[in-house]
């Protein structure tokens with residue numbers, strides 16, 4: 026077992042700790058030792074015992090010698106801590122969590138944390154790829170890649186937490202976005218067909234695309250792209266700005282797509298050659 030005494034003098038033990046009672050009497054000798062735990066009936070002591078109740082335990086005990094002299098009742102207070110700490114991670118505010126993974130950019134941090142509500146926390150150990158380190162609780166993303174973090178915590182009586190893990194994707198490269206549309210080039214000008222469809226596609230190799238956004242004017246509000254945009258015939262020109270955002274928060278360069286909308290109907294004439 027493990028014992029720990031805090032600055033206030035309180036004693037803490039883990040579930041493996043045994044308690045042994047000894048007595049001596051220089052005259053007639055010790056006959057029996059009696060003890061009680063947490064108000065239970067007194068029982069004869071036959072050998073070392075362990076505690077079962079978490080938190081504060083009150084042990085009362087006394088001995089009786091062969092002549093029948095009874096020792097004054099003694100009190101022993103001890104806290105049993107049989108619950109391991111709870112460990113976890115705290116992430117920078119800009120971290121994004123999706124599909125069981127954490128996405129961030131270089132410079133973001135992960136902090137290993139833990140709480141223990143009885144004996145108190147002794148240490149937190151963090152593994153960021155080099156094994157568990159006792160003197161390391163922070164991970165700072167300095168380069169791109171996929172990192173597997175693991176942390177455990179120990180309390181003052183050496184109860185060990187279950188390990189917690191986190192898969193962290195660090196991405197510094199913006200996604201790439203492009204437009205697919207049914208445009209035609211005529212006399213050096215780009216035309217869109219009436220009721221034509223404008224599709225925006227994007228890809229991101231490391232963290233993946235989170236959103237595609239577009240707006241129909243330079244100062245308009247960004248909208249989240251879902252389905253193909255249909256070109257209407259209420260203007261002579263269709264103009265759109267677009268970009269993509271990956272799961273780590275990288276934003277692609279804003280691009281523009283524009284095409285002319287020909288709303289004029291063609292005119293067909295018939296020419297008839299004069300009779301010979």
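In the numbering used here, the protein residues as written are 26 to 301.
Glycine included, each C-beta is placed from N, C-alpha and C at the ideal position.
Is residue i near residue j, with beta carbons less than 8 Å apart?
| i | j | result |
| --- | --- | --- |
| residue 297 | residue 261 | no |
| residue 143 | residue 106 | yes |
| residue 275 | residue 199 | yes |
| residue 120 | residue 165 | no |
| residue 150 | residue 202 | no |
| residue 59 | residue 84 | no |
| residue 270 | residue 182 | no |
| residue 273 | residue 196 | yes |
| residue 305 | residue 99 | Because the chain spans 26 through 301 in this model, residue 305 falls outside it and cannot be assessed. |
Looking at the strands, I want to know which residues DSSP matches up with residue i.
| i | result |
| --- | --- |
| residue 215 | 210 |
| residue 94 | Residue 94 pairs with nothing; no bridge assigned. |
| residue 60 | 68, 86 |
| residue 269 | 237 |
| residue 40 | Residue 40 is not bridged to any residue. |
| residue 134 | 165 |
Our contact map puts residue i next to residue j with C-beta atoms below 8 Å; I'd like the distance itself, whole angstroms only.
| i | j | result |
| --- | --- | --- |
| residue 174 | residue 153 | 6 Å |
| residue 189 | residue 114 | 7 Å |
| residue 255 | residue 222 | 6 Å |
| residue 242 | residue 194 | Between residue 194 and residue 242 the Cβ distance is about 34 Å, and since that is not below 8 Å, they are no contact. |
Keeping to the same chain, check which residues put their C-beta closer than 6 Å to that of residue i; ignore five residues upstream and five downstream.
| i | result |
| --- | --- |
| residue 141 | 110, 180 |
| residue 283 | 264 |
The ligand SAM and residue i: does the residue's C-beta get closer than 7 Å to at least one heavy atom of that ligand?
| i | result |
| --- | --- |
| residue 45 | Absence of the ligand SAM from the depicted structure is noted, as is the absence of any ligand whatsoever, leaving it without description. |
Exposed or buried, what is residue i when buried is set at 16 or more other beta-carbons lying within 10 Å of its beta-carbon?
| i | result |
| --- | --- |
| residue 290 | exposed |
| residue 237 | buried |
| residue 268 | buried |
| residue 250 | buried |
| residue 49 | exposed |
To which residues of the same chain is residue i closer than 7 Å at the C-beta, ignoring the five residues directly before and after it?
| i | result |
| --- | --- |
| residue 167 | 131 |
| residue 162 | 136, 137, 149, 151 |
| residue 205 | 224, 226 |
Please work out which residues of its chain come closer than 8 Å, Cβ to Cβ, to residue i, disregarding the five sequence neighbours upstream and downstream, and give them in chain order.
| i | result |
| --- | --- |
| residue 64 | 83 |
| residue 80 | 104, 105, 143 |
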